[in-house]
Amino acid sequence: MDSWLVVGLGNPGPKYAGNRHNIGAMVVAELASRTGVRLSRHKSRASAASGRLGVLPGGAPGPAAVLAVPSSYMNESGGPVSSLLKYYSVPVDRLIVVHDELDIPFGQVRLKASGGEGGHNGLRSISSSIGTREYVRIRAGIGRPPGRMDAANFVLRDFSPTERKELPFFLDDAADAVEAVVSQGLTAAQQRFHTL
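First residue of the sequence shown? That's 4 in the working numbering, and the numbers climb one at a time after it.
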């Protein structure tokens, strides 16, 4: 059976590690922890690891997946994603990209099969590099910036103290959403997470 490729978007280095923009990378770190694998540097300008995601009904290990975080900056995510797809021979319909989403309230997770990039530079770079928008997105809501704060500044700030208390539960939900897509399919996963 084909493997999946799950990519968590963010910016590299400790300076950005706690930023809202890095929620995708945080979700992949949570999945790696659950799976018992460690992401290591890969020649495709990413950190990656292979494992099995989730548990199937009856207790068997879930589907095979490559977990990856590009080591490029967000707006150059496409090159590493394209290289990973080729290296691991993963078809585009088995690509899942986890990313921050301004248009969804903090802590909510939404899933979609394709569509526009909504001004997200990471998604724009990926769609351009792989030549299609037809890939699954796990959209992790970070909410809108307060007042007149510029969105670009907002996404590059760390989560607030209140948000940080909720973050472990949020990462759990987003990781559950990824596992649901690979083990039950997108439609079943949407029905589960879009009613929360």
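Glycine included, each C-beta is placed from N, C-alpha and C at the ideal position.
For residue i, does the three-state DSSP call read helix, strand or coil?
i	result
R160	coil
M4	In this prediction, M4 scores a pLDDT of 49, lower than 50, which makes its location untrustworthy; the coordinate-derived value is nonetheless stated afterwards. Coil, per DSSP.
H197	coil
A183	helix
E137	coil
R151	coil
S117	coil
I107	coil
G125	helix
P94	coil
K89	helix
Does the beta-carbon of residue i have 16 or more other beta-carbons within 10 angstroms, so that it is buried, or is it exposed?
i	result
M4	With a pLDDT of only 49 at M4, under the threshold of 50, the placement of this residue in the model should not be trusted; the figure read from the coordinates follows. M4 comes out exposed.
D3	Residue 3 is absent from the model: the chain starts at 4 and stops at 199.
H123	buried
L59	exposed
E137	exposed
M152	exposed
A63	exposed
G13	buried
H197	exposed
G81	buried
G57	buried
Which one of the options has the shortest CA to CA distance from residue i?
i	options	result
K46	P64, P83, S131 and E182	P83
R48	P64, A68, I26 and V72	V72
F172	G146, V112 and R147	V112
S132	V31, P148, V158 and S85	S85
N25	A51, A143 and P149	A143
L70	Y76, A35 and V93	A35
T165	F109, G121, K115 and V139	F109
L105	G16, G11 and G146	G146
M77	R44, S163, R55 and V10	V10
E79	P15, T135, L88 and E33	P15
G21	S75, S163 and A154	S163
Y19	N156, R127, L126 and I107	N156
Under 7 Å: does the beta carbon of residue i sit that close to some heavy atom of the ligand FMN?
i	result
L105	Although the ligand FMN was asked about, the structure shown includes no ligands whatsoever.
State the beta-bridge partners of residue i as determined by DSSP.
i	result
V100	V10 and R140
V112	A143
Quiz item: Which runs of the alpha helix (DSSP H), 4 residues or longer, sit entirely within the stretch 21 to 73?
Solution: Listed in chain order, the complete alpha helix (DSSP H) runs (minimum 4 residues) inside the stretch 21 to 73 are 26 to 38.
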